[in-house]
Amino acid sequence: MKFDQARWSRDDAPVYEPLLSESDDRTVEVDVDLPDDLTRNELTLPDPAEPQLARHYTRLSEMTYGVEHGPYPLGSCTMKYNPWYVEDLAADPNALVHPDRSDEAAQGILAVMHRLQEDLAAIGGMDAVTLQPPAGAAGEFAGILIAKAYHEANGDDRSEVIVPDTAHGTNFASAAMGGYEVVELPSGEDGRVDVDALEGALSEDTAALMLTNPNTLGLFERDIEEIADLVHDVGGLLYYDGANLNALLGRARPGDMGFDVMHYNVHKTFATPHGGGGPGAGPVGVAERLAEFLPDPHVRKTTGAGEDSERAGEDSERAGATIPTFERYTPEHSIGKVHGFDGNWLVLLKAAAYIARLGDEGLSDASAKAVLNANYLASQLHYDVPYGPFHHEFVASAGDRDAAEVAKRMLDHGVHPPTTKWPEIVPEALMTEPTEVESRDSLDQLAAAFDAVQAEDDETLANAPERTAAKRIDQTSAARNPRLCWQDLDGEE
Ligand SMILES: *Cc1c(COP(=O)(O)O)cnc(C)c1O
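Heads up, the sequence shown stops at 597 in the working numbering, and the numbers go up one at a time, no gaps.
Have a look at this one:
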């Protein structure tokens, strides 16, 4: 089919002149059959002046609630304030390197990526890390494909992945997308993995067990070493969902617990923006025996004094030989590409800057505060908070109230509500993660909001929120039929 040169016109708006005149026959031949209802020859765009535009976006920002408005204790999703210096770095023109630059011309970014690979490996206790996947879920999927490639290379045909019932929904999805049958593991009475149930579920068919530790109840799996042995004894791999590493930073490492493969969510732990499922980063770490299966390309050091250079010894005598250089390469049994070019480089740069700025001490200080904040807040609430003591998060129960209504009403009290109704083993769950960025004052503000709602009558909750720009919205329609185009709203406001 043929696309015309874009001609943007609208009766009541200025006409955007085509770059070429009508007589220039610059049509692009594209060999795809797009449905008629998805193609167009005209595009009308709004044409506001700068003040209108500024007011429009300022107004939109005031209609919502963000981490820069106040506490945002979404359990498991770790919404925390991201410092501005990482944004400044990513906005530096020198960081805007074309992704197709040769290795030689991209030494700076390769050096930063190599360092981030090593820093993340050190943080997770892994031997090698890929930075390619564009989100946590994408990292999980890549990790499962790596596990699968490893088993296949060993001539090992395994069909099942075990996932605890408290796991994040993406675990089930990643295992299923990887072609595995998902075996759901019920939690024990204490909210942790039931080791007997696990033994019953494990078999020669087990490709992997996916776990997060601390789990989504904020509880540490104390039996992790025994769990790791059980999984390894049947030839399975142990997958770590490292989306929320805030409780572990600088204190404990999945690799040391026996995990073989893990993903990191840099947007939950290392101060990069949440990517809405795509333009983020979800690096994957693996143990040595899985390193050859990592996605393509991977970054390595080529010369200099680094430990991965064979010629380091003989070269170090020569002037300049201590300056390392870096290259992209394809690991021997790579699962192939999981993203374009080097992954989302500018997101990765932010994570690298954050880790470099905090260092070992800063990272372990962050995890101490994340854990302290969660336990302090849990102790202040007049709600039923089963289980505990906690790590980075806790799950309170709204009891005989509807957790979703409690959440709506919390907005009226000026704070963002926690995650609701999940995990299901706590009735009317309010899954809360204050993170290390909150001060004691803002934790007290959160606790006051929780408790104020607790004291209110059912009718008030049923009508909440009352003080927000949008009242009770139809969440299902909002998710299923999103209206993302300005034209949809034209004439309605
Ligand atoms: C957020 C999260 C994920 C998925 O990460 P995305 O970047 O949102 O795809 C996976 N597991 C856990 C425990 C999470 O909290």
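Quick reminder that beta carbons are idealized off the backbone N, C-alpha and C, glycines included.
On a predicted model such as this, the values are computed, not experimentally measured, just so you know.
Roughly how many angstroms lie between the CA atoms of residue i and residue j, to the nearest whole one?
i, j, result
"Y433", "G444", "14 Å"
"Q558", "A507", "11 Å"
"F374", "G243", "15 Å"
"G264", "L249", "A small fix is needed here, since residue 264 is Glu in this sequence, not Gly. Using only the alpha carbons, I get a separation of about 13 Å."
"T523", "P177", "8 Å"
"T580", "A456", "37 Å"
"N258", "H437", "12 Å"
"G158", "E208", "Looking at the sequence shown, residue 158 is not Gly but Ala. Roughly 42 Å separates the two Cα atoms."
"E172", "Y185", "7 Å"
"H402", "E293", "43 Å"
"R262", "G240", "24 Å"
"H520", "E396", "44 Å"
"N348", "S291", "20 Å"
"P150", "N477", "46 Å"
"T426", "C589", "54 Å"
"H218", "R404", "7 Å"
"E256", "R326", "32 Å"
"S413", "D231", "Any reading at S413 needs caution, since the residue's pLDDT is 45, under 50, leaving its predicted position unreliable; the model's value is listed next. Cα-Cα distance, rounded: 16 Å."
"E563", "T182", "31 Å"
Compare the Cα-Cα distances from residue i to each of the options and report the closest residue.
i, options, result
"T168", "E528, L147, C589, R571", "R571"
"L224", "S471, R357, G518", "R357"
"G170", "A457, R404, P401, H378", "H378"
"F494", "P531, P522, T536", "T536"
"P197", "E208, I213, T429, D545", "I213"
"L289", "A280, G282, V299", "V299"
"L306", "T274, M281, N275, L342", "L342"
"S483", "D309, D327, L547, A574", "L547"
"Y189", "R461, E542, E509", "R461"
"H336", "A251, P175, P150", "A251"
"D488", "E431, D464, D555", "D555"
"E308", "I266, I328, S278", "I266"
"L481", "A553, K575, D504", "A553"
"E332", "N348, N319, G346, A312", "According to the sequence displayed, residue 332 carries Ala and not Glu. Closest by alpha carbon: A312."
"T406", "Q211, V388, D140", "Q211"
"R544", "F276, M230, N479", "N479"
"I73", "M361, G340, N319, G339", "Absent from the model: residue 73. The displayed extent of the chain is 105 to 597, so no value can be given."
"V233", "D561, R584, L394, N319", "L394"
"E431", "E191, V286, V216, Y161", "V216"
Could you name the residues of the same chain whose beta carbon sits closer than 6 Å to that of residue i, not counting the 5 residues immediately before and after it, in chain order?
i, result
"G295", "L321, L323, Y491"
"Y344", "P358, F363, M366"
"K441", "D400"
"P569", "K512, L515, D516"
"L315", "none"
"A277", "none"
"V499", "L321, V530, A533, M535"
Note down, in chain order, each residue of its chain lying with its Cβ closer than 7 Å to the Cβ of residue i, except the 5 sequence neighbours on either side.
i, result
"A194", "L450, L453, K454"
"A226", "none"
"W526", "A533, M535"
"E330", "V299"
"S471", "N350, A351, L352, L353, G354, R355"
"N448", "P238, P383, G384, A385"
"V541", "K184, Y185"
"E303", "L334"
"E497", "G179, S180, G322, A478, M535, T536, E537"
Grab me the residues of residue i's own chain with a C-beta within less than 8 Å of its C-beta, minus the 5 sequence neighbours each way, in chain order.
i, result
"G283", "K252"
"M281", "F245, I248"
Opposite residue i in the DSSP bridges: which residues?
i, result
"E431", "R404"
"S291", "V297"
"H336", "DSSP lists no partner for H336."
Beta-carbon of residue i versus every beta-carbon of chain B: anything under 8 Å?
i, result
"R144", "Chain labels in this structure do not include chain B; a single protein chain is all it has."
| field | 3 or more residues per run - each beta strand (DSSP E) lying fully within the region 198-223 | value | Listed in chain order, there is nothing to give.
| message | Please give the ranges of any alpha helix (DSSP H) in the region 225-311, keeping only runs that are unbroken, at least 4 residues long and fully inside the region. | response | Whole alpha helix (DSSP H) segments, 4+ residues: 240-257, 273-281, 299-305.
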